[in-house]
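Chemist: Residues 113 to 779 (this note's numbering) make up the sequence shown, in order.
Ideal Cβ positions, reconstructed from N, Cα and C, are used throughout, including at glycine.
Next up is a structure, given as structure tokens.
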Amino acid sequence: MTSWRDTILAALVPQVSRLTLVADPDALLTEERLRLELRQRGFDLIEFSDPVEFRYCYESQYRSIWDRGDTTSLVVALRLPDSAIDTLPYDLLRAGKRLSFNMGSLFPSFSYPVLQSLDSSLLDALFDAQSKVSPDRMGDNATKDFVLRHIFGIAAELITTDVDLLRVLLRLHYRNTNLPPTLSARLVQVIKAQTAFRDWPLEAIVPDEAAFYAFLQERWPTYLRNHDSSGFREDGTEYGLIYPGPDHLSFGHHDVRVYIDNLFVEGKLTPIHLPSGAPEPQDWMRGGIVTETEDSNASRIARLFELVDAERPNESSRHTDWIAFAHRWAELSALVHSTERNESRDRFRKACAEINDAFACWLDGHYASLINLPPNTPAMVHHVARLMAREMEQSKNTRTALIVMDGLALDQWITVRHSLQKHDPTLLMRESAVFAWIPTLTSISRQAIFAGKPPFYFPSSLHSTHAEGNLWRKFWEDTGFTKAEIAYQKSLGDMPASGDINETLDTVLTSPKHKIVGLVVDKVDKIMHGMQLGSPGMHNQIAQWCQGGFLSALIGRLLDRGYDVWLTADHGNIECRGNGRPKEGVIAEVHGERVRIYPTPELRDQTAAAFEFARPWHPVGLPPETFPLVAQGNDAFGTPGETLVGHGGIAIEEVIVPLIKFERREA
């Protein structure tokens, strides 16, 4: 079966030229499956964005290889038009073959500006639709309507009732499908042409999953209070809704309620206590009603097991499939580790082993393709700072803050989220996730967050965190800010006795000069390294720490001072079991419970041969002479039989970490 990739692959023939220069304004070469195919054909891909960084990478990794007489095929991608290739250094132009690819040439029937707004993961479906329909040349709106209909399955002109609209939005957001802004605006424009929807907050709930679920959440009590077997009963109550639009939604319609149970099971909506005076709930409503019983927890656990069993990704899945799965897995993990049911924990451990075996195999083939993906939808932690800079430029906001929670796993974020919701119900949390750097160590992954680039570019500080403040400042200075406008502070997490976090963060939060703030909260990491009670103990202690209110107060203070507030983690953690400790003295440069790092592949492989659970990790994106040996499954380099909570390996709990943007709900 042909695809849009065939045109590109036909031009990139292995062993024809050791250096190929490609004008790639639409970042087509970074598309996950194309990148994988290029790697399998022997091509390495690097971007030319920063001339100094490129020269360092080019000279140290490729010129030295060619000077020794060895061969490798390098593709240099420039995210600029074809004419920009002429601006590359002369030695590259003399040695390299030139190519150019863009969406306009691959999809000539469509509006090029609209094509540029599409994520590359949509191009397969667009190519198939183009092949089947053979459309004539289209303008902007016709292209938008074609993409909405054929790619997203949305015929906007057929949305005529509230049930139609809810069904479309539920299907869209439940799939974690982010419409590009240009398509969201078009969909809103067409729907708003009908008078029935003019009071709906379409500009908020169509493009924004978090706003849509908040819109549903605040109308759920209204539905429970006013619904009986005959329909809605009006009682004249003022509901105090923040979002405009109808007070009542058709939750009970069969096309709508089919989603509702899953939304509560997966934590996208929060169950509530049954409002006083509400009629007896029907069975399908019970997932959205708080019943503090072990039976209700057991029911939710059973439903989550069904969902994760049905939707496990495989070796051909995209990274976005694993991220979507990781959210469901985290909800299940948080619930299982809060229950006393041994059968649930036994089933969870068995599933965990199977999932992490599949995840490790997927990482082998796909992890390298994530590094250079565009940061507009970040795939890895070093993309986060670039996304923040991009959003600041587009929104013209003057302040942004990044909170890095050292060691916070995605399932532990669920516990944190519940606490934040209780402390401040006005918080709007836009939840996503990204991949940490492997090995999942603080010195590697956290520095990558603050540097905004792969660890390859900070070899001198790879095994410590002393340079991350300078890396943070350099990233933002290169973006155009002054040193006085950039702040960084670490070792945070304890609430002062006075209860005023200004005692801890006075110089950061009160300075009118600061526009960029980077903060490290290391409380979770401290809890982890002293933990003897496994994952249940982690959840319990994190919940207790959250009750102290430090994180809620910090986020609230930043929002009050006009910051865009982001939160992520450098790595997660996993409950593991000691399975032997190598006795090798100072041979390894890092001696962790879940990873060891060696200066040569020979030393690494020697240890790997003695430990079946250890996997040699190809040093993707790492400096030279860095050869990790990572633990897989739930084994650790430790005393046999010892239970501990650690990080450094390649389990999904360690690698996929939360990325959250906070805002306040406003009327």
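1) Here's a check: name, in chain order, each residue in its chain whose Cβ is nearer than 6 Å to the Cβ of M492, leaving out the five neighbours to either side.
2) From T738 to V516, what does the alpha carbon distance come to, in whole angstroms?
3) Compare the beta carbon distance of W441 and I764 with 9 Å and say whether it is the shorter of the two.
4) Report the rounded CA-to-CA distance for P393 versus L361, giving the unit in angstroms.
5) Applying the 10 Å Cβ sphere with the 16-neighbour rule, what's the burial state of T403?
6) At 4 residues or longer, what runs of the alpha helix (DSSP H) sit wholly inside the segment 750 to 777?
7) Where does Q524 sit, in a helix, a strand or coil, going by DSSP?
8) Please report the Cβ distance between C688 and N652, rounded to the nearest whole angstrom; I am assuming they are in contact, meaning their Cβ atoms lie under 8 Å.
9) Mind reading off the beta-carbon distance from L141 to L157? Whole number of angstroms is fine, and I expect it under 8 Å.
10) Where does T334 fall in DSSP's three states?
11) Decide if K625 is buried, meaning its Cβ has at least 16 other Cβ atoms within 10 Å, or exposed.
12) Can you tell me whether T132 is helix, strand or coil according to DSSP?
13) Among I177, L211, E149 and Y202, whose alpha-carbon lies nearest the alpha-carbon of P137?
14) Considering only the beta carbon of each residue, do F417 and R459 sit closer than 9 Å?
15) Is it buried or exposed, R331, if we count other Cβ atoms within 10 angstroms and call 16 or more buried?
16) What does a CB cutoff of less than 6 Å around A323 pick up in its chain, not counting 5 residues either side in sequence?
17) So A480 and G564 are in contact, right, with Cβ under 8 Å, and what is the actual spacing, rounded?
18) What's the C-alpha gap between F344 and L663?
19) Given 8 Å as the limit, is there contact between the segment 759 to 776 and the segment 658 to 678, that is, 3 or more CB pairs closer than that?
20) On the three-pair Cβ rule with 8 Å, is the segment 726 to 737 touching the segment 522 to 532?
21) Could you check what DSSP says for S603 in three-state terms: helix, strand or coil?
22) Please work out which residues of its chain come closer than 8 Å, Cβ to Cβ, to S603, disregarding the five sequence neighbours upstream and downstream, and give them in chain order.
23) Which one of A123, H683 and E754 has the shortest CA to CA distance from L522?
24) Determine whether the beta carbon atoms of M643 and L553 lie at a separation below 9 Å.
25) Could you tell me which residues DSSP puts in a beta bridge with W678?
26) Hey, is the segment 461 to 471 in contact with the segment 382 to 396, meaning 3+ C-beta pairs nearer than 8 Å?
27) Given a cut-off of 9 Å, decide if P713 and D728 are closer than it, judged by their beta-carbon atoms.
28) Nearest to L419 by CA position, among F437, G581 and R283, is which residue?
29) DSSP beta-bridge partners for G97?
30) Is I628 helix, strand or coil when you go by DSSP?
31) Taking only three categories from DSSP, how would you classify K695?
32) Alpha carbon to alpha carbon, how far is R175 from D421? Give it in angstroms, no decimals.
33) Return the residue from the list A196, Q656 and R412 that minimises the CA-CA distance to L447.
34) Considering only the beta carbon of each residue, do P193 and F222 sit closer than 9 Å?
35) Just to confirm my understanding: we take D347, look at its own chain, exclude 5 residues before and 5 after, and list those with CB closer than 6 Å. What are they?
36) Mapping the DSSP letters down to three states, classify L186 as helix, strand or coil.
Modeler: Let's see:
1) Closer than 6 Å at the Cβ level, and outside the excluded window around M492, lie L482, V546 and F547.
2) Using only the alpha carbons, I get a separation of about 25 Å.
3) A distance below 9 Å separates the beta carbons of W441 and I764.
4) Using only the alpha carbons, I get a separation of about 16 Å.
5) The residue is exposed, with fewer than 16 neighbouring Cβ atoms inside 10 Å.
6) DSSP assignment within the segment 750 to 777 yields the following whole alpha helix (DSSP H) runs of 4 residues or more, N-terminal first: 764 to 767.
7) DSSP places Q524 in helix when its eight states are reduced to three.
8) Going by Cβ atoms, the distance from C688 to N652 rounds to 18 Å, so no, they are not a contact pair.
9) Confirmed, about 6 Å.
10) If DSSP states are grouped into helix, strand and coil, T334 belongs with the helices.
11) Exposed: under 16 other Cβ atoms inside 10 Å.
12) Note: T132 maps to strand in three-state DSSP.
13) P137 has its Cα closest to that of L211, out of I177, L211, E149 and Y202.
14) It is a contact, given that the beta carbons lie within the stated cut-off.
15) Residue environment for R331: buried (at least 16 other C-beta atoms within 10 angstroms of its C-beta).
16) For A323, same chain residues with a beta-carbon under 6 Å away, outside a window of 5 residues either side, are A316 and I317 in chain order.
17) Contact flag wrong, Cβ pair sits at about 19 Å.
18) Residue confidence is low: F344 scores 44 on pLDDT, short of 50, so the model does not pin down where it sits. No coordinate-derived value is stated.
19) By the C-beta criterion, the segment 759 to 776 is judged to be in contact with the segment 658 to 678, since at least 3 inter-stretch pairs fall below 8 Å.
20) As far as the Cβ criterion goes, the segment 726 to 737 does not touch the segment 522 to 532, which means the pair count is below three.
21) S603: strand per DSSP, three-state reduction.
22) The residues are V632 and D634.
23) Minimum Cα distance to L522 is reached at H683.
24) Their beta carbons are not under 9 Å apart, which means M643 does not touch L553 by this criterion.
25) L514 and K773, per the DSSP bridge assignment.
26) Because the criterion of three Cβ pairs below 8 Å is not met, the segment 461 to 471 and the segment 382 to 396 do not touch.
27) First, the amino acid is wrong: residue 728 is Pro here, not Asp. The Cβ atoms of P728 and P713 lie closer than 9 Å to each other.
28) Considering only alpha carbons, the answer is F437.
29) No answer is possible for residue 97: the residues shown for the chain start at 113 and end at 779.
30) Residue state, collapsed to three classes: strand.
31) Coil, per DSSP.
32) It is roughly 48 Å from the alpha-carbon of D421 to the alpha-carbon of R175.
33) L447 has its Cα closest to that of R412, out of A196, Q656 and R412.
34) Pairing P193 with F222 gives a Cβ-Cβ distance that is not under 9 Å.
35) At D347 the pLDDT is 45, less than 50, meaning the model places this residue with poor confidence; the figure from the coordinates comes in the next sentence. Correct list: empty, nothing qualifies.
36) Secondary structure at L186: strand, using DSSP grouped into helix, strand and coil.
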